[in-house]
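Since the structure comes first, as structure tokens, the remarks are kept for the end.
In this note's numbering, the protein residues as written are 2 to 187.
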């Protein structure tokens, strides 16, 4: 039994029961350990939650950062970032659900450790929007607000998207990109 196995199982348990509804016993059962044995690998649910949030943000930062530094026009870069983000969310549903829905369960000390990475991730989106404004590709009065709105739209996808449903994730990414870049007006 590895720490990796425990974190993966914990992400599933947290997604199914929520952080507060899940117990260390639930996590131990998911990896076929006695609860006491689980404590040889992790000290608390808070430690597990922070590790999962760190893992999710590392994955996102690595992929989205790589796109954000490419020599592409801001509109193409934004399209690629949207596609990559949605792919990560839907390929890692348990981990993504923990990131999006359980981060508020962090205690103050762990929250203070989590916030800088979260802010770094949001900054990537603000930067590409600002880049587009500077290049006169985008009309965006408030890149921070626009970035949060875009992330909100994409994050909500996790609640309704079903693999094998009527739309593939790349189609959804294209739709979101077109909505943001072209708007609704004719």
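Note that the Cβ used here is the ideal one computed from N, Cα and C, for glycine as well.
All figures in this text were calculated on a predicted structure; none of them were measured in a lab.
Which same chain residues end up closer than 7 Å to residue i when comparing Cβ atoms and leaving out the 5 residues on each side of it in sequence?
i	result
residue 52	8
residue 35	29
residue 64	85, 89
residue 87	155, 158, 170, 173, 174
residue 127	144, 145, 148
residue 115	51, 54, 104, 107
Between the alpha carbons of residue i and residue j, how many angstroms are there, rounded?
i	j	result
residue 151	residue 82	11 Å
residue 177	residue 104	25 Å
residue 142	residue 19	37 Å
residue 78	residue 122	15 Å
residue 73	residue 38	50 Å
residue 179	residue 134	17 Å
residue 62	residue 101	15 Å
residue 140	residue 5	44 Å
residue 42	residue 113	23 Å
residue 164	residue 91	8 Å
Excluding the 5 residues flanking residue i on each side, which residues of the same chain have their C-beta closer than 8 Å to its C-beta?
i	result
residue 10	28, 31, 32
Below 8 Å on the Cβ atoms is my guess for residue i versus residue j; work out the distance and round it to an integer in Å.
i	j	result
residue 148	residue 159	Contact doesn't hold; Cβ gap of about 18 Å is too wide.
residue 85	residue 68	6 Å
residue 50	residue 107	6 Å
Please go through the same chain and pick out, in chain order, the residues whose beta-carbon is closer than 6 Å to the beta-carbon of residue i, but skip the five residues on each side of it.
i	result
residue 109	none
residue 111	47, 51
residue 57	96, 100
(message) If contact is defined by three or more beta carbon pairs under 8 Å, each pair taking one atom from either stretch, is the region 36-48 in contact with the region 12-26?
(response) yes
(message) For the structure I just gave you, are there three or more beta carbon pairs, one from the region 94-103 and one from the region 11-18, closer than 8 Å?
(response) yes
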